[in-house]
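*Asks:* One structure, as structure tokens, below. Some questions next.
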Amino acid sequence: MRFLAYILVFNIFLSVNLFAQDSIQAKNYQVTGNIQDQQTRQPVEYASIVLLHARDSSLLGGIYSDVKGHFSIPVQEPGNYVLKITFMGYETYEAACNVVAGQPNTQLGKILLVPQGKKLNAVEITSQKPAFSMQIDRQVFDGSSIITAEGGTATDALRNLPGVDVDMDNNVTIRGKSISVYIDGKPSPFGDPQTALEIIPAESIDRIEIINNPSAKFEAQGGGGIINIVLKRDRAMGYNTMLTAGIDNRGQNNASVNGNLRVRRFNLFGHLNMRNGNGNGEGLSRRKNLYQDSSSYFNQSTFNDYSNHNWNGKIGIDYYINNHNTVTISQGLSNYSNSNNDSLYLSYLDEHYMQSQYRLRDNHGQRTGGNNSTTLYYKRTYEKAGKELTAYITHSGNHSDPSSEYNTDVFRMPADTFIRRELRTNTGRSRQQYWNAQVDYTTPVGNKGKFESGAKAVKRDHSTNNLALIYDFDLKQFDTSVNLSNHYDYDEQLFAAYGTYANVLGRIGYQAGLRVEQVTLEGYSYTKNLPVSNKFLNFFPSLFLKYDLKENRNLVFNYATRTERPRFDQLLPYINDSDPQNLRTGNPELQPSFTHKLELNYTEYYPETRNYLNTGFYYNRTEDLVDRVSTINKTTGITTTMPQNVATNQDWGIMATYRWKITDWWTHTTTLHGVYARFDGILDTAAYSRENASLKISFNSQFRLPRKFSLQLSGRYATANIMAQGSSKPMNGIDLGIRKQLMKHNKLVIAVNISDLLNTRQYSSHIETANFIQDYERKRLSRLIRLNIRYRFGKIDPNLFSRKKVAG
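Here the sequence shown is numbered in my numbering, starting from 10 and rising by one per residue.
Below, the structure written as structure tokens:
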């Protein structure tokens, strides 16, 4: 806590000092105007006004119009700018704005906003939001452009994005590394990225931001970077509602309602989502056990079916105190109930490939749980353009209650003789409390510079108790299994501070930053009578350089360091035997891995054809890479897999994305991603080295057809990729989606999509060690036909409730 106190004192001192400096600086110029409705000539209050540099569209400053439609934006120096005004229900207004030297006040007079569906011959410009754009530190994908994910989740949307990989268990990685999930710019309150992404409906996503190399401003956890899911949210005066419902060919269904009610300084918003799903899958494993003078074989077939039921909701309110101060409070709730049934056939064969024994096993599992989260958010802007202070605190609670039952019958061959029956039950209880507080301060420095600083504190309290009972058929009672039970508590604390400075020198823009994080992990395993303690103090520098070669061309270099700290459950030597021949356990000696990431990107936009090219090279070096390592018991033939710090991993990668506007109605994007990977480390006390080159190809074709039809075809192919002990086999899949917009202002949208059109999406791997060789295949039901319907209605009118009050 002392460390946190130092951070907070530092930021308070810094903020006060910079504020004092700012207060004595003169504001030499300002741009003023008055915004009105083009039809009613009534003031439009709380419209968003931003001023951009004409040369590169970089943001100079922004503000909201007041209750009379007036606005005033301070400007530090004369020059050519672009004024942009947006407000829900109106066409976007965009116009040149020239601030002349010697004229301190640039008065624009009345600015008339055109209601949607109307046109003016003046300077209003409207355009379709691009499906993909590149910023200095991130890739941005428009959520509404991902037609193939309609009716699905955020995970389905990510499956369509280049550079993002989603495995059969819906685990998401970027360039082979784990990621952190942010929602609306804040870390997800859910316990793991998979849960967060599975509960977000795809149609509620405004945009997805992929940040491969986050700056020092962001938490350093996650070697693959950050995926920021920005949700749709209306702040327009009046009310707005969107209803969604969908169903697929196996009976999965989803429904949601999302809306807001804006009355003057208050904006009430909320959403409620529901999803019911089911599916099945199968897997096949073939293993050859290698002994000094003989060998044996083991084959396993798995069939499973599952069902998922969940709902989540959120309600909140924005209070616009004035043009510079906003307070938001929100409350979220979620609940889920999942079940899983597995049937396993396990076959044991001798060195002559003759079956000696087999087992039939049925696993039945259920899990219920939920989350509640409360967030208080404050934002302050200042008269000085670009100066901003934000702070928030979040508290969330997660609970999970799993239960399972395992029934196994053992038979001996060749007479098919029944030997014995094994019966085991598991019951569990898991609780987590999560606190997250953060403050960020941004202030301009000089004409083009910017300084950012902030502090963060996170506290997680986690308690888990899993009890395993094995039935004794002789005594006719259940006995506790200490080896398979797991009871532990742990507390994790993170304190962090950062500072970044950015400026422009001629054609070169730069940003340098440093982040310091202190993490303390204290826990105790009651089952093993084992205390676990870890403490880390690490520094994470970052550097971004941007060079404008000429108009519409730039070169960007960035460097950052990231870490993947072990979770507490990865440290515990608890045995998971849901697959009795392939056990999983934790490793108390596991250490965090650190990744140094360098990236160089070249971007060019062709305004005549509206085509776009982005090429990049990256190099990642990970020390103490954590990977799953399997060992075999030569007596029982059972493999045990645990995470280990196995190697130094180096990746040399090249990516190229080309967006081709073939016609006005057809846009095609192709991405090539080539990687040369090398592992150097020690396995089983022996040094080893592995290397491999792999290639991933993805494409996305968007078609705007007549009569408001849209069609999307996307797919990807990935060659084999190496792991510490083997390699994954090639994967491919194609998705198809079609959308129809109906009614005035496209209020009704109907979408049909087919995932995994050719039914080829499956996971396969090959592992080869000195003691065994194993091939593994797994396939889940992935070809789905989904129907999704969205209907939006509302009334966008700044004076709607004022008129009703007068009329009454």
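Here a beta-carbon is modelled for each residue, glycine too, at the ideal position from N, C-alpha and C. Predicted, not measured: the structure shown is a model, and the values here were computed from it.
(1) So does the region 359-366 actually touch the region 381-397, counting three or more Cβ pairs closer than 8 angstroms?
(2) Quick check on the DSSP output: the alpha helix (DSSP H) that includes residue 205 runs from which residue to which?
(3) From the DSSP output, read off the bridge partner residues of residue 174.
(4) Kindly indicate which residue of 745, 507, 765, 595 has the alpha-carbon position closest to the one of residue 227.
(5) Considering only residues of the same chain and omitting the five flanking positions on each side of residue 165, which have a CB-CB separation below 6 angstroms?
(6) Do you know how far the Cα of residue 117 is from the Cα of residue 77?
(7) Does the beta-carbon distance from residue 798 to residue 254 come in below 7 angstroms?
(8) Leaving out five residues before and five after residue 658 in sequence, what residues of the same chain have Cβ atoms less than 6 angstroms from its Cβ?
(9) Note down, in chain order, each residue of its chain lying with its Cβ closer than 7 angstroms to the Cβ of residue 131, except the 5 sequence neighbours on either side.
(10) Measuring CB to CB, does residue 389 end up less than 7 angstroms from residue 334?
(11) Just confirm the distance between the C-beta atoms of residue 396 and residue 452, as a whole number of angstroms; I'd bet it's less than 8 angstroms.
(12) Count Cβ pairs between the region 217-232 and the region 179-192 that sit closer than 8 angstroms; are there 3 or more?
(13) Between the beta-carbon of residue 555 and the beta-carbon of residue 547, is there less than 7 angstroms?
(14) Would you call the region 230-247 and the region 786-797 touching, i.e. three or more CB-CB distances under 8 angstroms?
(15) By a C-beta neighbour count over all protein chains shown, 10 Å radius and 16 as the cutoff for buried, is residue 6 buried or exposed?
(16) On a Cα-Cα basis, can you pick out the residue from 703, 679, 672, 699 that is closest to residue 685?
(17) Please confirm whether residue 572 and residue 229 have their CB atoms less than 7 angstroms apart.
(18) If you count every other CB in all the chains shown that lies within 10 Å of the CB of residue 294, and 16 or more means buried, which is it?
(19) Could you pull the DSSP bridge partners for residue 122 from this structure?
(20) Closest to residue 122 by CA distance: which of 532, 649, 46 is it?
(21) Return the CA-CA distance between residue 441 and residue 406, expressed in angstroms with no decimal places.
(22) Tell me where the beta strand (DSSP E) around residue 760 begins and ends.
(23) In whole angstroms, what is the alpha-carbon distance linking residue 724 and residue 421?
(24) Given this structure, state the Cα-to-Cα distance separating residue 772 from residue 788, to the nearest angstrom.
(25) Where residue 22 and residue 462 are concerned, what is the direct C-alpha to C-alpha distance, given to the nearest angstrom?
(26) For residue 154, which of helix, strand or coil comes out of DSSP?
(27) Residues in the same chain with beta-carbon distance under 6 angstroms from residue 419, minus the five sequence neighbours each way, listed in chain order, please.
(28) From what residue to what residue does the beta strand (DSSP E) around residue 631 run?
(29) In whole angstroms, give me the CA-to-CA distance for residue 570 and residue 604.
(30) Quick one: residues in its chain with C-beta nearer than 6 angstroms to the C-beta of residue 699, no 5 flanking neighbours on either side, listed in chain order?
(31) Would you list the one or two residues that DSSP bridges to residue 468?
(32) Using 10 angstroms around the beta-carbon of residue 676, count the other beta-carbons present and answer buried if the total reaches 16, otherwise exposed.
(33) Determine which residues share a DSSP beta bridge with residue 581 and list them.
(34) List the endpoints of the continuous alpha helix (DSSP H) containing residue 167.
(35) Determine the closest residue to residue 392 out of 519, 728, 213, 70, with distance taken between C-alpha atoms.
(36) Might you give, ordered along the chain, the residues of its own chain that have their beta carbon closer than 8 angstroms to the beta carbon of residue 287, omitting 5 neighbours on each side?
*Replies:* The relevant details are as follows:
(1) no
(2) 202-207
(3) Residue 174 pairs with 182.
(4) 507
(5) If we look at residue 165 and ignore the five residues flanking it on each side, its Cβ neighbours are 158, 211.
(6) Straight-line Cα distance between these residues: approximately 15 angstroms.
(7) Going by beta carbons, residue 798 and residue 254 fall inside the 7 angstroms limit.
(8) 631, 634, 688
(9) Residue placement at residue 131 is poorly supported in this model, since its pLDDT is 31, which falls under 50; the coordinates still yield a value, given next. Once the five neighbours on either side are set aside, residue 131 has no close Cβ partner at all.
(10) yes
(11) 5 angstroms
(12) Flag = yes, the region 217-232 and the region 179-192 touch.
(13) The answer is no: Cβ separation not under 7 angstroms.
(14) Counting Cβ pairs under 8 angstroms, fewer than three are found: no touch.
(15) No answer is possible for residue 6: it lies beyond the span of the chain, which begins at 10 and ends at 817.
(16) With distances taken between CA atoms, residue 685 lies nearest to 703 out of 703, 679, 672, 699.
(17) yes
(18) That one is buried.
(19) Per DSSP, 46.
(20) 46
(21) 6 angstroms
(22) 757-764
(23) 47 angstroms
(24) 7 angstroms
(25) Low confidence applies here, because residue 22 scores a pLDDT of 43, under 50, leaving its location unreliable; read the following figure in that light. The C-alpha of residue 22 lies about 12 angstroms from the C-alpha of residue 462.
(26) Residue state, collapsed to three classes: helix.
(27) 368, 428, 429
(28) 620-641
(29) 6 angstroms
(30) 688, 731
(31) 444, 502
(32) buried
(33) None; residue 581 has no bridge partner.
(34) 163-167
(35) 70
(36) Only 259, 260, 261, 314, 315, 316, 317 meet the Cβ criterion.
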